[in-house]
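Residue numbers (the numbering used here): 23 to 376.
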C-alpha cells in the first residue's frame, strides 16, 4: 500500500494509470478475491475525464472507491474500480438480504394476523348483532302476547265470564314465565363469563333423573311433532353428584335442540354408560344435522348457522355456550359429532365423585 501512496503523490503528472493499476491490483489480489481493476483520471473542477485504463467491456460487478484528490486545491483526482466475483457481492449483501427477507416475513405474518383478527371480530360482531335481533324478537313475542291478553281480561271480567278471565290470566302467566326464562338464560351466560358459576352440588339418582326427562318430553305436545326417546342406562353407578338445576338445564338444552332442529317426527337416543372415573352421557338424534363448518363454532357465544332451516327457528346462539360452560364447571367435557341430514350426537363426560 505504501508503494501506491508514494506513486500517487509523486509530482509526475499526468499519472501513469497503467502502472498505478498494476500496483493497485497486486496489492488487492494479495488480500481479497478480485477479478480486475481500473482507474479514471478526472478534472475535479468540471468532472471531465482526463484519462482512463478501463477495459472495453465492463461488467456490473465493479465497485468504485471514493474520489481521491491529487493536489492541494483538489483540481485533479482519480477513482479506482474493482471487479469482484458474484459470490463476494452476495456474501457482502447476505446480511442485508437475510434481514430484508426476515422483515418481509414478519410483515406478512403481521398482515395475516391482522386479517384473521379482523375476520374473527367481524364474524363475532355479525353473530352478536344477529343474536340481539333474535333476542329482541323473542322478548317481544311474550310481551306482546301478555299485553294483548291482559287487555282482554277487563272486558271478560265485566261480562262475568270467569272462565275466559282465568284462561287469559293463565296464558299471560305462561308468556311472562317465558320472558323470565329468557332473562335468566342471558343472566346465566353473563355470570358464567365472569367466572361466577356457583354450583350447589347434590346427589342425583341417575335412573330417576333421565326417566323423568323421557316422560316430560314424550308426553307433551312439541309443535305437532311426535317425540320418541329411547333410554339406555347401562351404568353400575346409582347416582351422580351435580348441581340439579344447572344439570337439568344442560340436558333440557340438548333435548330441546334435537326436537327444535328436526323436520319430522323425532327419535332421540339417550345412553348413559360408565367410563374410567366417570360417566358418559350421549344424546343422539335424527334431525337435520350440522355442517362441518358450523360444527367448529357451535359452542361459540352468539354463533348461529346461516342455514335457512336454522335461522327460521327462535334462538340467541347462547344455549350451547351455556351448556359447555356448565359441563366444564363440573370438571367435564362435551363434544359434538354430526352429518348433514343424518342427525347429531352430543357426548358429555363427567367425573363421578366417590
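Glycine included, every Cβ here is placed at the ideal spot set by N, Cα and C.
request  = With distances taken Cα to Cα, identify the nearest neighbour of residue 325 among 146, 55, 194.
outcome  = Stepping through the chain shown from its first residue, residue 325 is reached at position 303. With distances taken between Cα atoms, residue 325 lies closest to 146.
message = Strictly by DSSP, which residues pair up with residue 327?
response = One-based indexing of the chain shown puts residue 327 at position 305. For residue 327, which the question treats as bridged, DSSP gives no partner whatsoever.
task = Determine the direct distance from the alpha carbon of residue 180 to that of residue 377, and round the result to whole angstroms.
result = Because residue 377 is not part of the residues shown, which for the chain are 23 to 376, the question remains open.
ask   = Using the rule of at least 16 other Cβ atoms within 10 Å of the residue's Cβ for burial, across every protein chain shown, is residue 216 buried or exposed?
value = As a working note, residue 216 is residue 194 in the chain shown. Unreliable positioning characterises residue 216 in this predicted model, as indicated by a pLDDT of 48, which lies under 50. The coordinate reading is nonetheless provided below. Residue 216 is exposed by the Cβ-count criterion.
task = May I ask you to report which of helix, strand or coil DSSP gives residue 64?
result = Working through the chain shown from its first residue, we reach residue 64 at position 42. In this structure, residue 64 counts as strand in the three-state DSSP scheme.
ask   = Could you give the C-beta distance for residue 279 and residue 311, rounded to a whole number, given that I count them as a contact under 8 Å?
value = If you number the chain shown from 1, residue 279 lands on position 257. If you number the chain shown from 1, residue 311 lands on position 289. Actually they do not touch by this definition, with Cβ atoms about 12 Å apart.
key: Through-space distance from residue 104 to residue 38, alpha-carbon basis   = Start at 1 with the first residue of the chain shown, and residue 38 comes out as number 16. Start at 1 with the first residue of the chain shown, and residue 104 comes out as number 82. Take the alpha-carbon of residue 38 and the one of residue 104: they are about 18 Å apart.
ask   = Which residue comes first and which comes last in the beta strand (DSSP E) that contains residue 270?
value = Mapped onto the chain shown, residue 270 falls at position 248. Here residue 270 belongs to no beta strand (DSSP E); instead the alpha helix (DSSP H) covers 266-282.
task = State the Cα-Cα distance for the pair residue 276 and residue 235, rounded to the nearest angstrom.
result = Here the question's residue 276 lines up with position 254 in the chain shown. Here the question's residue 235 lines up with position 213 in the chain shown. One Cα belongs to residue 276, the other to residue 235, and the distance between them is close to 11 Å.
ask   = Mapping DSSP to helix, strand and coil, what is residue 143?
value = Here the question's residue 143 lines up with position 121 in the chain shown. In this structure, residue 143 counts as helix in the three-state DSSP scheme.
inquiry  = Helix, strand or coil, according to DSSP, for residue 299 in the structure here?
reply    = Here residue 299 refers to the residue found at position 277 when the chain shown is read from its first residue. Secondary structure of residue 299 (DSSP, three-state): coil.
ask   = What does a CB cutoff of less than 8 Å around residue 89 pick up in its chain, not counting 5 residues either side in sequence?
value = Here residue 89 corresponds to residue number 67 of the chain shown, with the count starting at 1. The answer, listed in chain order, is 64, 66, 99, 100, 101.
query = For the putative contact between residue 308 and residue 288, defined by C-beta atoms under 8 Å, what is the C-beta separation to the nearest angstrom?
reply = Along the chain shown, read from residue 1 onward, the residue named residue 308 stands at position 286. Along the chain shown, read from residue 1 onward, the residue named residue 288 stands at position 266. About 7 Å separates the two Cβ atoms, so the contact holds.
query = Would DSSP call residue 182 helix, strand or coil?
reply = As a first step, residue 182 is located in the chain shown; it is residue number 160 there, counting from the start. Residue state, collapsed to three classes: coil.
key: Bounding residues of the beta strand (DSSP E) (the contiguous stretch that carries residue 256)   = Residue mapping note: residue 256 aligns to position 234 of the chain shown, counting from 1. Residues 249-256.
request  = Could you please give the first and the last residue of the uninterrupted alpha helix (DSSP H) stretch that includes residue 104?
outcome  = The count along the chain shown starts at 1 and reaches residue 104 at position 82. Element bounds for residue 104: not the alpha helix (DSSP H) but the beta strand (DSSP E), 98-105.
task = Tell me whether the beta-carbon of residue 369 lies closer than 8 Å to the beta-carbon of residue 264.
result = The sequence position of residue 369 within the chain shown is 347, counting from 1. The sequence position of residue 264 within the chain shown is 242, counting from 1. No; because the gap between Cβ atoms is not below 8 Å, this pair is not in contact.
task = Assign residue 347 to buried or exposed, taking buried as 16 or more other Cβ atoms, counted over all protein chains shown, within 10 Å of its Cβ.
result = The sequence position of residue 347 within the chain shown is 325, counting from 1. Residue environment: residue 347 is assigned as buried (16 or more neighbouring CB atoms within 10 Å of its CB, all protein chains considered).
request  = State yes or no: is the C-beta of residue 228 within less than 8 Å of the C-beta of residue 255?
outcome  = Position 206 of the chain shown holds residue 228. Position 233 of the chain shown holds residue 255. Yes, Cβ-Cβ distance for residue 228 and residue 255 is below 8 Å.
task = Use the C-beta contact count for residue 164: other C-beta atoms within 10 angstroms, 16 or more gives buried, fewer gives exposed.
result = Stepping through the chain shown from its first residue, residue 164 is reached at position 142. Classified as buried, residue 164 has 16 or more neighbouring CB atoms from the shown chains inside 10 Å of its CB.
task = For the beta strand (DSSP E) holding residue 74, just list the boundary residues, first then last.
result = Here residue 74 corresponds to residue number 52 of the chain shown, with the count starting at 1. It spans 70-74 - the beta strand (DSSP E) in which residue 74 sits, taken as one unbroken run.
ask   = Hey, how far is the Cα of residue 345 from the Cα of residue 367?
value = Position 323 of the chain shown holds residue 345. Position 345 of the chain shown holds residue 367. Going by the C-alpha atoms only, they are around 14 Å apart.
key: DSSP state of residue 314 mapped onto helix, strand, coil   = In the chain shown, counting from the first residue as 1, residue 314 sits at position 292. Assigned with DSSP and collapsed to three states, residue 314 falls in helix.
task = State the DSSP-derived secondary structure class of residue 131, mapped to helix, strand or coil.
result = Within the chain shown, numbered from 1, the residue matching residue 131 stands at position 109. It is helical.
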